[in-house]
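Down below is the structure, laid out as structure tokens.
Residue numbers (the UniProt record's numbering): 1 to 56.
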């Protein structure tokens, strides 16, 4: 089947990451876990990937 984030269950991510157990995480949850040492609260989840507006 398709890969699904074990934390937020999204299938929409630019990059798949893994937690220390080897379970798939989406880019956002994987980064959050690495930065904060805790899984990302689902209250932060949105269904759109926010594009950063870089002012050139």
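For each residue, glycine too, the CB sits at the ideal point set by N, CA and C. Treat the numbers as computed from the prediction; the structure is a model and nothing was measured.
To the nearest angstrom, how far is the alpha carbon of residue i from that of residue j?
i	j	result
residue 94	residue 41	Outside the shown range of the chain (1 to 56) lies residue 94, about which nothing can therefore be said.
residue 53	residue 1	34 Å
residue 6	residue 56	36 Å
residue 35	residue 20	13 Å
residue 4	residue 29	12 Å
residue 15	residue 31	10 Å
Span of the alpha helix (DSSP H) holding residue i?
i	result
residue 25	Per DSSP, residue 25 belongs to no alpha helix (DSSP H); it is in the beta strand (DSSP E), 24–26.
How many whole angstroms separate the CB atoms of residue i and residue j, which I take to be in contact at a CB cut-off of 8 Å?
i	j	result
residue 13	residue 26	4 Å
What are the boundary residues of the beta strand (DSSP E) that includes residue i?
i	result
residue 18	16–18
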